[in-house]
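Heads up, the thing below is written out as structure tokens.
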Amino acid sequence: MEPASGSSSHNVAEGLLAHQVLQVGSSGAIYVEQPRAAARVPEPPHMLPGGIGRIVGRHHLLHEMDEAMTTPGSRCCMLWGLAGSGKTTLAVAWASSRIAEYPDGQFFVDMCAYSGTPRIETRDALRSFLATLGINRSDLPDNEAEWGGVFRAVTAGRRCLVIVDNVGSYEQVRDLVPGFGSVLVVTSRRAIPEMSVRHDARVIKLPLLTLDEGVELIAERVGFVRVEREQAAAQRIVQLLEGHPLALAIVSAKLAIQTTWTIDDAARGIEEEQSPLRFLDDAGLGIEVGRVISWSLDDLDAATTKVLYVASMLPSNECSVAVLCLVLDQPRRVGDRSLQALCLASLIDEISPGRYRFHDLMKAYLAETLGQVLDPAEQELTARRIRTVYLALSYAADRAIDPHRDSLPVDQELLAVAGSTSFTVAQALSWFESITASMTYLIEQARADDDFTFITRFARALNTFLYWRQDVTRTLSVQREAVAAAAAGDPAMEALSRRALGRAYADIGQLEPAKEQLRASMALDAASGDDSGRASSHHAMAELCLRSGDHRDALRWGLRAARESRNGNNVVREARGLYDAARALNELGHHSWARGLGLRSLAMCEERGNDYGRALALRLLGATGLRSGEVEEGCTWLERAWRVEESLGNFRSVRTILGQLEQAYGQGGNVSAVEEVRRALARLEHYPDLTQSTLVVGSPAI
């Protein structure tokens, strides 16, 4: 550069631009920076939303978040869970109570992944965060991929708090992770594994509220005095909505607005609607639970969406992957993958390996929107397939309990499903226990679809289990449905159904209706020439006569059943007829004859491996020994019967046998034996269900 005119010992830098090169005498090139105007240091950002009231029932989660943020290394928390479970509320409540610990700024952004509005782009969130720190767009690199690095750099070494709310994927949050020293809270309906893998985040899934917590939430909004007056109604609302925070908040808002309503009015309003969503979403409050839930389905592909809706058509809120795969006719690994994807999206909860559960509100939403995914024909086919699978599994389970029962007439589709599974007795009983609450629903749906063959055969498959369970009310209801279905459209099953209904009437002591049904059954069997069915009716008449104290008629019916079964070469039924006759003889005082017939029945059952019949014969021999004064012999037979019935899982009979043994040993003064029996009875009280085992799901058992 040429020296300025009028040389002097130094140049004048006044007016030159910053970083401009100039010559100063012989000192060489130097840089001169003009002093900048003093920049205003921005205030630390305070972006947390307000309006968060006192948090209810989440104190253990707040403590867990505190732990996550005070551990060495990455301080990051990932909150996820069902739509409306209170993730944002928890995040903001935690942050609001700890503002003083993060004086360098609190950042908040709603990424709108589940909101029905366009999602926020990460670059827009970053630009907003950086602007609050005094960094303008012109100061940022041209390459937007570098903006995340700028944010990490300016927050490193500071005590900042960042909440990234309503995230749909890791890509939305990756560049919003602050630098070392700051903390991050992410909320999402989806589990985001990358947060744990890449940032060592504490992953917390939000549970729904407990009964007490739900009542407290209502009280916070409508008044503790009001809730105290109607505690039971408030509890009923919490139970009806399964402790769902958003749903409870909406009900509370309705109660706060409708000042003439009682809490019981709200509870009845929920109960009377076909779906709880009808009550919740008719509030005019600007928020609808159904719409909030719908956003969770937006990211699902078509195949996974179909799996979700088919699973929602199963008769209960619980879903077994093995059963669902049979309904969908797809491999287990495919069903597992779909259900795991739904679980990670908070659309269904995994309650144990291979078993999942829908929240009531989720199932209600799926039921209301089913027509958007499956047309009426597809819905009908799916419903029939579900019934086929449940009937097939019940048929297989019933065969496991009593393999010597007469086979049902079933079609090839049902046989194919039943043949793909196998049950132990314990697994069979567990299967029936798992569907007990759904039995009525399945029958009602079949009746609505005129699926009469399902009703009659399903009732037959349930009969032994319900008898063992002593569920006489459900047995009577199921068998009445079966008789009506047989008369309406399945005449081949009418005689069998009437026989089962007659036995159900006998179980509750209604002997005249029982006789009427059994006589009708015998007439139908005679007209069709069904000797086996007629023998079964004779056996049922023998049982009925024993109940009514008509022991001579019971003897006659039992011997007729045995004779006709022998003519038909039905050894199992013949042994049962001999058992009935022996019971009558024992009541008539002919103990030696009773013992003889009982031993014949026992031998026939043991030869055929009929454990169910063997247990009956052993019980008869035990009762005969006690009645004849041979107490020791009778107790020996009863102990053997006890073990057989226990192995079968028939704890109804086990209780009866133990009662007989306790009385017999007590009268004989056998203290140690009485104590053993009482311990066994105590174990039965501790395990009141039919089985202590857990249902094994999958092949070869379901």
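For the sequence shown, my numbering begins at 118 and goes up steadily by one.
Built from N, CA and C at the ideal position, the CB exists for glycine as well.
As the structure is a prediction and not an experimental result, all values here were calculated from the model.
| Check | Outcome |
| --- | --- |
| For a minimum of 4 consecutive residues, which ranges assigned as the alpha helix (DSSP H) are wholly contained in the region 540-612? | 542-552, 556-565, 569-586, 589-606 |
| Here's a check: name, in chain order, each residue in its chain whose Cβ is nearer than 6 Å to the Cβ of residue 710, leaving out the five neighbours to either side. | 702 |
| Alpha carbon to alpha carbon, how far is residue 623 from residue 633? Give it in angstroms, no decimals. | 11 Å |
| Based on the DSSP output, what are the partners of residue 300 in its beta bridges? | 278 |
| Which residue marks the beginning of the alpha helix (DSSP H) containing residue 444, and which one marks its end? | 438-445 |
| What's the gap between the Cα of residue 250 and the Cα of residue 228? | 20 Å |
| Say whether the region 457-475 touches the region 382-395, bearing in mind that this needs 3 or more beta-carbon pairs closer than 8 Å, one atom from each stretch. | no |
| From what residue to what residue does the alpha helix (DSSP H) around residue 752 run? | 748-765 |
| Residue ranges of each alpha helix (DSSP H) run of no fewer than 4 residues wholly in the region 646-692, ordered along the chain? | 648-665, 668-684 |
| Sorted by chain position, which residues of the same chain lie with C-beta nearer than 6 Å to residue 285's C-beta, five sequence neighbours on each side aside? | 230 |
| Rounded to the nearest angstrom, what separates residue 220 and residue 242 at their Cα positions? | 21 Å |
| Decide if residue 696 is buried, meaning its Cβ has at least 16 other Cβ atoms within 10 Å, or exposed. | buried |
| Relative to the ligand HEM, is the shortest distance from any of its heavy atoms to the C-beta of residue 666 smaller than 7 Å? | Of the ligands one can find in the structure shown there are none, so the ligand HEM has no counterpart to examine. |
| Give me the Cβ distance between residue 649 and residue 566, rounded to the nearest whole Å; I'm assuming they're in contact under 8 Å. | About 31 Å; that fails the 8 Å criterion. |
| Suppose contacts are defined by Cβ-Cβ distances below 8 Å. Is residue 393 in contact with residue 477 by that definition? | yes |
| With C-beta atoms as the reference, is residue 174 less than 8 Å away from residue 327? | yes |
| Starting from residue 396, follow the alpha helix (DSSP H) in both directions and report where the run begins and ends. | 393-397 |
| What are the residues that DSSP puts in a beta bridge with residue 774? | Partner(s): none; residue 774 has no beta bridge. |
| For residue 232, which residues from the same chain have a beta carbon less than 7 Å from its beta carbon, with the 5 sequence-adjacent residues on both sides left out? | 283, 412 |
| Just confirm the distance between the C-beta atoms of residue 213 and residue 165, as a whole number of angstroms; I'd bet it's less than 8 Å. | 6 Å |
| Only counting runs of 4 or more residues, tell me where the alpha helix (DSSP H) segments fall wholly within the region 294-341, in order along the chain. | 310-316, 328-339 |
| Are the region 646-661 and the region 680-693 touching, with three or more C-beta to C-beta distances below 8 Å? | yes |
| Look at the Cβ atom of residue 739, then the Cβ atom of residue 755, and state whether they are nearer than 8 Å. | yes |
| On the criterion of 16 or more Cβ atoms from any shown chain inside 10 Å, does residue 482 qualify as buried, or is it exposed? | buried |
| With DSSP collapsed to three states, give me the class of residue 466. | strand |
| Give me the Cα-Cα distance between residue 618 and residue 596, rounded to the nearest whole angstrom. | 5 Å |
| In angstroms with no decimal places, state the Cα-to-Cα distance between residue 609 and residue 516. | 20 Å |
| Report the three-state DSSP secondary structure of residue 490 (helix, strand or coil). | coil |
| With a threshold of 6 Å on Cβ separation, who are the neighbours of residue 142 within its own chain once the five nearest residues in sequence on each side are excluded? | Here residue 142 scores only 41 on pLDDT, less than 50, and its place in the model should not be relied on; the value that follows carries that caveat. Excluding residues within five positions, none has a Cβ falling inside 6 Å. |
| For the beta strand (DSSP E) containing residue 473, list its first residue and its last residue. | 472-474 |
| For residue 163, which residues in the same chain have their Cβ closer than 7 Å to its Cβ, ignoring the five residues on either side in sequence? | 223 |
| Going by DSSP, name the residue or residues bridged to residue 224. | 279 |
| Please classify residue 295: is it buried, with 16 or more other beta-carbons within 10 angstroms of its beta-carbon, or exposed? | buried |
| Cβ atoms of residue 644 and residue 675: under 8 Å apart, would you say? | no |
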